[in-house]
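Chemist: Each position in the sequence shown, counted from 1, maps to that position plus 4 in our numbering. Idealized CB from N, CA, C, for every residue including glycine. Predicted, not measured: the structure shown is a model, and the values here were computed from it.
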Amino acid sequence: MGEPGIEYRIDRRSGVATYVQIVQQTKQALRLGLLEPGDKLPTAREVVEATAINPNTVLKAYRELEREGLVEARRGLGTFVQRSLSSTPADSPLRAELDAWAQRAHTAGLGREDVAALFGSVIDTHFPKGDQ
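1) Applying the criterion that 16 or more other CB atoms from any shown protein chain within 10 Å of the CB defines a buried residue, is residue 127 buried or exposed?
2) Residue 10 and residue 30 - do their beta-carbons sit closer together than 8 Å?
3) What is the rounded straight-line gap between the Cα of residue 38 and the Cα of residue 74?
4) If you draw a straight line from the alpha carbon of residue 33 to that of residue 132, how long is it in whole angstroms?
5) Taking the alpha carbon of residue 26 as the reference point, which residue from 36, 45, 40 and 123 has its own alpha carbon closest?
6) Less than 8 Å between the C-beta atoms of residue 119 and residue 104, yes or no?
7) Within a Cβ cutoff of 6 Å, which residues of the same chain sit near residue 59, ignoring the five residues on either side of it in sequence?
8) If you drop the 5 nearest sequence neighbours on each side, which residues of the same chain put their C-beta closer than 6 Å to that of residue 68?
9) Between which two residues does the beta strand (DSSP E) holding residue 84 run?
10) If contacts are defined as beta-carbon pairs under 8 Å, then residue 90 and residue 35 qualify, I think. What distance do you get, rounded to the angstrom?
11) On the CB-based measure, 16 or more other CB atoms within 10 Å of its CB, does residue 65 come out buried or exposed?
12) Given this structure, state the Cα-to-Cα distance separating residue 15 from residue 114, to the nearest angstrom.
Put into structure tokens, the structure is as follows:
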């Protein structure tokens with residue numbers, strides 16, 4: 005167990021509740037294999053120092069993750085990953101292909117919202133709603 009495999013980045017303009025952003029980013033790290041069972045999440049204090057959000061917001065997010073069975077809070081020790089969501093590791097060839105595509109899109113002048121719209125459209129085509 006080394007350093008935590010996640011650094012939370014809060015987008016205050018996104019319209020998404022801060023605790024939900026923490027939950028989503030944790031799940032993304034679990035899916036990418038950046039966090040694995042046994043890894044320790046950053047403490048609430050570390051998240052507060054890095055993001056300037058309220059400690060109760062961090063704790064709310066961690067409680068939600070615990071309710072979903074993804075993490076476990078151990079009194080006096082911290083919050084630890086219980087299970088992974090990883091099916092495609094961060095070093096997957098598919099990630100490399102997507103990274104190259106995103107670089108081409110950026111070079112072509114597409115903005116973040118343009119890329120998100122394109123990607124969402126393609127996902128909807130290949131992964132119908134409800135298809136996990």
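Modeler: Well, looking at it:
1) Stepping through the sequence shown from its first residue, residue 127 is reached at position 123. Residue 127 should be labelled exposed.
2) Start at 1 with the first residue of the sequence shown, and residue 30 comes out as number 26. Start at 1 with the first residue of the sequence shown, and residue 10 comes out as number 6. In contact: residue 30 and residue 10 (Cβ atoms closer than 8 Å).
3) Looking up residue 38 in the sequence shown gives position 34. Looking up residue 74 in the sequence shown gives position 70. Going by the C-alpha atoms only, they are around 14 Å apart.
4) If you number the sequence shown from 1, residue 33 lands on position 29. If you number the sequence shown from 1, residue 132 lands on position 128. In a straight line, the C-alpha of residue 33 is about 23 Å away from that of residue 132.
5) Here residue 26 refers to the residue found at position 22 when the sequence shown is read from its first residue. Looking only at 36, 45, 40 and 123, the smallest Cα-Cα distance to residue 26 is reached by 45.
6) Sequence index remark: in the sequence shown, residue 119 carries index 115 (1-based). Sequence index remark: in the sequence shown, residue 104 carries index 100 (1-based). Judged by beta-carbon spacing, residue 104 lies beyond the 8 Å limit of residue 119, meaning their Cβ atoms are not closer than that value.
7) For the purposes of this step, residue 59 is taken as the residue at position 55 of the sequence shown. Answer for residue 59: 48 and 52, listed in chain order.
8) Numbered from its first residue, the sequence shown carries residue 68 at position 64. Cβ neighbours of residue 68 beyond the five flanking positions: 27.
9) Position 80 of the sequence shown, counted from the first residue, corresponds to residue 84. Segment 82-85, the beta strand (DSSP E) holding residue 84.
10) As a working mapping, residue 90 is identified with position 86 in the sequence shown. As a working mapping, residue 35 is identified with position 31 in the sequence shown. Confirmed, Cβ separation roughly 6 Å.
11) Taking the first residue of the sequence shown as position 1, residue 65 is located at position 61. Counting Cβ neighbours within 10 Å, residue 65 comes out buried, since at least 16 surround it.
12) Residue numbering aside, residue 15 sits at position 11 when the sequence shown is read from its first letter. Residue numbering aside, residue 114 sits at position 110 when the sequence shown is read from its first letter. Straight-line Cα distance between these residues: approximately 20 Å.
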